[in-house]
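Written out below as structure tokens is the structure these notes cover.
2 protein chains.
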Amino acid sequence: MKTFELLEQVFNGNPRAIARAISLVENNSEETPEVMKAVFSRAGRALVIGITGSPGAGKSSLVDKLAGFYRDQSQRVGIIAVDPSSPFSGGAILGDRIRMAALGTDENVFIRSMATRGNLGGLSRATVDAVTILDAAGFQKIIVETVGVGQDEVEIVKAADVTVVVLVPGMGDDVQAIKAGIMEIGDIFVINKADREGVLRTERELRSLLELSGGRPDGWNPPIVKTIAVENKGIEELAKAIDDYSKFQQSNQNIERRKAIAKWRLLELLRERLLAEVLSKNGTNEKLEELALKVAERKMNPYSAVEEILKK
Amino acid sequence: MKTFELLEQVFNGNPRAIARAISLVENNSEETPEVMKAVFSRAGRALVIGITGSPGAGKSSLVDKLAGFYRDQSQRVGIIAVDPSSPFSGGAILGDRIRMAALGTDENVFIRSMATRGNLGGLSRATVDAVTILDAAGFQKIIVETVGVGQDEVEIVKAADVTVVVLVPGMGDDVQAIKAGIMEIGDIFVINKADREGVLRTERELRSLLELSGGRPDGWNPPIVKTIAVENKGIEELAKAIDDYSKFQQSNQNIERRKAIAKWRLLELLRERLLAEVLSKNGTNEKLEELALKVAERKMNPYSAVEEILKK
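Top to bottom, those sequences are chains V and W.
Residues in the first sequence are numbered from 22 upward in steps of one, following the numbering used here.
Residues in the second sequence are numbered from 22 upward in steps of one, following the numbering used here.
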């Protein structure tokens with residue numbers, strides 16, 4: 022299929038075409054710039070919701086129920102689950118398959134996992150590109166779910182319009198939560214599994230942490246929403262909080278935030294392009310393998326090895 | 022101070038010099054290649070232990086107790102806590118300060134947090150460099166603690182000689198654990214807070230997951246160690262498991278693993294160097310700001326913007 026035909030089908034919301042376009046950008050194929058330039062001009066209407074939190078916080082259930090809520094309002098929903106998993110197998114997407122079985126029959130819900138692929142990075146770039154594709158394909162709500170609080174995950178979630186941080190009662194070691202820096206990225210906090218013991222304590226601690234931080238520069242006061250995702254409780258309140266923040270942001274004309282996101286995106290793209298250019302030169306891959314072996318055998322240090330690659 | 026004087030003091034184990042050398046590589050200062058080439062030739066003797074797991078799993082306590090165990094054996098211990106935290110404040114290291122107060126008076130324990138700094142990445146490279154510096158400074162055990170299960174964190178932990186994955190009972194949503202891909206990176210599993218309800222269930226589930234995965238290509242069977250870190254329970258068993266795996270690995274002559282780590286390290290370094298080179302050119306930073314604004318205003322797409330930077 023020609024790229025322009027594929028793009029036409031993407032703009033028509035064809036799920037197979039969308040999946041194919043995302044695969045193209047995920048694999049950073051040579052069509053990527055053409056695809057992305059075309060979709061960028063069509064994008065910009067969706068509300069992108071980033072949801073993050075530790076493994077075990079129940080993010081997937083929450084995302085599924087939130088998607089269901091938006092579906093009841095006849096909105097089309099895209100879900101991207103960032104899965105920085107197996108560096109060996111290229112990503113074990115067991116959970117994804119389970120979810121596809123539950124939600125996948127609804128053609129107005131598009132679910133996709135994005136996983137780390139090998140050494141070349143580009144996960145954050147590919148994820149943000151996939152969001153843009155779903156946006157251009159006419160999904161009104163796009164939910165990006167990330168596992169964990171790693172550097173890339175934080176960046177991906179920051180690139181969303183609204184960032185939701187999910188906690189559970191009694192996770193203990195609350196200092197860890199501060200350390201993970203999630204306090205600063207959350208526009209909305211969710212305490213999921215709110216039927217568990219310790220919910221009041223977690224809420225109290227969260228409130229005092231938010232107060233301690235002295236408030237946000239933009240004046241937004243992040244609400245705390247209690248949910249029991251598996252019982253579909255608190256989902257409407259969460260959707261309302263998301264809507265509130267989205268309106269606040271629009272009236273706030275937050276161009277600085279959008280500029281910071283754009284800059285991050287440009288740097289990611291630049292990094293990837295520069296590396297790809299060097300590696301595409303004849304013989305560089307062989308050289309890299311040879312030098313990696315030398316470094317592994319401690320016959321050479323990594324800095325001299327990189328200088329040798331750059332000299333070439 | 023001249024770099025060679027600094028290096029001499031690093032090799033003598035001077036904590037201030039070590040801290041300064043780590044700051045140099047963390048900030049990617051111009052002395053970095055010189056420092057790293059020198060330390061690389063002195064490194065290679067330490068055992069590097071990577072410890073990962075979700076926030077709230079009690080990693081910090083476990084690391085502190087394990088460090089205490091090694092100190093009782095008169096070993097010098099370096100601890101690097103990777104803290105991919107606040108993209109805004111440059112890292113709130115509250116937890117670090119708390120720990121420094123407890124362990125920091127022992128000059129045979131060196132503790133350092135590594136945090137994300139701005140948009141330029143390089144956290145994984147800087148962390149692995151810091152490990153090499155501690156290695157060259159004569160620390161026998163180097164513990165690298167990472168929060169969360171993000172892409173960078175997985176890579177950092179994979180670069181260790183032994184990788185310990187910390188779980189807690191009753192985290193629920195066990196599919197999440199598979200999704201996060203931690204099953205494949207763990208050489209040793211710890212169930213911490215083993216006095217909590219659900220420890221047997223977690224252990225059983227973990228065992229069946231390990232069996233389901235069909236075993237590792239190298240034939241190692243990852244042990245499950247139960248600990249109650251805050252009560253100093255199970256630490257000796259953990260140290261024994263670490264020692265066992267270290268011996269297994271040595272007899273196994275795992276050059277492929279070391280080569281894969283070296284290759285990842287070279288790619289990280291290459292990526293960083295290439296980006297720094299482009300950004301160091303006159304006017305590129307201004308151009309980047311200008312283009313980021315255009316992208317934020319949706320007047321330009323990121324791919325065309327990057328092409329414009331590269332054309333320059």
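Glycine included, C-beta positions come from ideal geometry on N, C-alpha and C.
For the candidate residues the options, whose alpha-carbon lies nearest to that of residue i?
i	options	result
V:Ser134	V:Ala40, V:Val103, V:Gly159	V:Val103
W:Lys80	W:Glu307, W:Ile164, W:Arg225, W:Ala297	W:Ile164
V:Phe210	V:Glu218, V:Phe32, V:Arg228, V:Arg217	V:Arg228
W:Ala88	W:Ser325, W:Ile263, W:Val316, W:Leu331	W:Ile263
V:Thr223	V:Ile206, V:Arg237, V:Val246, V:Gly236	V:Val246
V:Leu231	V:Val186, V:Leu259, V:Gly219	V:Val186
V:Ala215	V:Ile39, V:Leu83, V:Leu155, V:Leu296	V:Leu83
W:Phe131	W:Leu45, W:Ala40, W:Arg217	W:Ala40
V:Ala78	V:Asn213, V:Ala67, V:Leu144	V:Asn213
W:Ala180	W:Asp156, W:Val149, W:Asp208, W:Arg319	W:Val149
W:Val338	W:Gly235, W:Asp208, W:Gly236, W:Thr248	Outside the shown range of chain W, which is 22 to 333, sits residue 338 of chain W, and nothing can be said about it.
W:Pro323	V:Lys308, V:Glu52, V:Phe61, V:Met22	V:Phe61
V:Arg294	W:Asp127, W:Arg237, W:Pro238, W:Glu329	W:Glu329
W:Ile101	W:Glu257, W:Asn35, W:Glu128, W:Ile177	W:Ile177
W:Val327	V:Lys333, V:Glu307, V:Leu45, V:Arg286	V:Arg286
W:Thr73	W:Ile206, W:Leu288, W:Leu296	W:Ile206
V:Leu155	V:Arg37, V:Arg278, V:Gly236, V:Pro243	V:Arg37
V:Ala157	V:Gly65, V:Asn306, V:Leu331	V:Gly65
W:Glu277	V:Arg278, V:Glu318, V:Val299, V:Leu233	V:Glu318
W:Thr153	W:Leu68, W:Gly235, W:Glu257, W:Glu128	W:Leu68
V:Ile70	V:Asp208, V:Leu27, V:Met57	V:Asp208
V:Leu45	V:Arg92, V:Asn303, V:Ala151	V:Ala151
With 16 other CB atoms within 10 Å as the buried threshold, where does residue i fall?
i	result
W:Phe160	buried
W:Val189	buried
W:Arg146	buried
V:Glu47	buried
W:Pro54	buried
W:Ser301	exposed
W:Leu291	buried
W:Thr184	buried
V:Asp117	Residue placement at V:Asp117 is flagged as unreliable, the pLDDT there being 49, under the threshold of 50; the coordinate-derived value follows with that caveat. Per the 10 Å Cβ criterion, buried.
V:Thr167	buried
V:Thr24	exposed
V:Lys261	exposed
W:Pro108	With a pLDDT of 39 at W:Pro108, under the threshold of 50, the predicted position of this residue should be treated as unreliable, and no value is reported.
V:Ser240	As written in the sequence, residue 240 of chain V is Gly, which differs from the Ser given in the question. By the 10 Å Cβ count, V:Gly240 comes out exposed.
W:Arg225	exposed
V:Pro238	exposed
V:Asn49	buried
V:Met22	exposed
W:Lys162	buried
W:Ala297	exposed
With residue i as the anchor, note down where its alpha helix (DSSP H) starts and where it stops.
i	result
W:Ser267	256-273
V:Met57	53-63
W:Phe90	80-93
V:Ser145	144-157
W:Phe25	24-32
V:Thr248	Element bounds for V:Thr248: n/a, residue is neither H nor E.
W:Arg292	276-301
W:Ser229	220-233
V:Lys332	323-332
W:Ala67	Counting along the chain, W:Ala67 falls outside any alpha helix (DSSP H), and DSSP gives it neither H nor E.
W:Ala317	305-317
V:Arg41	36-47
Just reading off the beta strand (DSSP E) that residue i is part of, what are its end residues?
i	result
W:Ser134	130-136
V:Val183	183-188
W:Phe210	209-212
Should residue i be counted as a contact of the ligand NAP given a C-beta to heavy atom distance under 7 Å?
i	result
V:Val189	Annotation note on the ligand NAP: not contained in the displayed structure, which lists no ligands.
Residues from the segment 281-307 of chain W in contact with chain V, defined by Cβ distance under 9 Å: Ala281, Ile282, Ala283, Lys284, Trp285, Arg286, Leu287, Leu288, Glu289, Leu290, Leu291, Arg292, Glu293, Arg294, Leu295, Leu296, Glu298, Val299, Leu300
Segment contact flag, the segment 281-288 of chain W with the segment 240-260 of chain V, C-beta cutoff 8 Å, min 3 pairs: no
Contact set between the segment 42-74 of chain V and chain W, restricted to residues whose Cβ is under 8 Å from the partner: Thr53, Pro54, Met57, Lys58, Phe61, Ser62, Gly65
Three-pair Cβ contact test at 8 Å for the segment 263-273 of chain W versus the segment 92-99 of chain W: no
Any 3 or more C-beta pairs closer than 8 Å across the segment 31-41 of chain W and the segment 297-314 of chain W: Short answer: they don't touch.
Chain-ordered residues of the segment 261-273 of chain V with a beta carbon less than 8 Å from chain W: none
Contacting positions in the segment 310-332 of chain V - beta carbon closer than 9 Å to chain W: Glu310, Leu312, Ala313, Leu314, Lys315, Val316, Ala317, Glu318, Arg319, Met321, Asn322, Pro323, Tyr324, Ser325, Ala326, Val327, Glu328, Ile330, Leu331
Against chain W: residues of the segment 230-252 of chain V by CB proximity under 7 Å: none
Contact set between the segment 205-234 of chain V and chain W, restricted to residues whose Cβ is under 7 Å from the partner: Glu205
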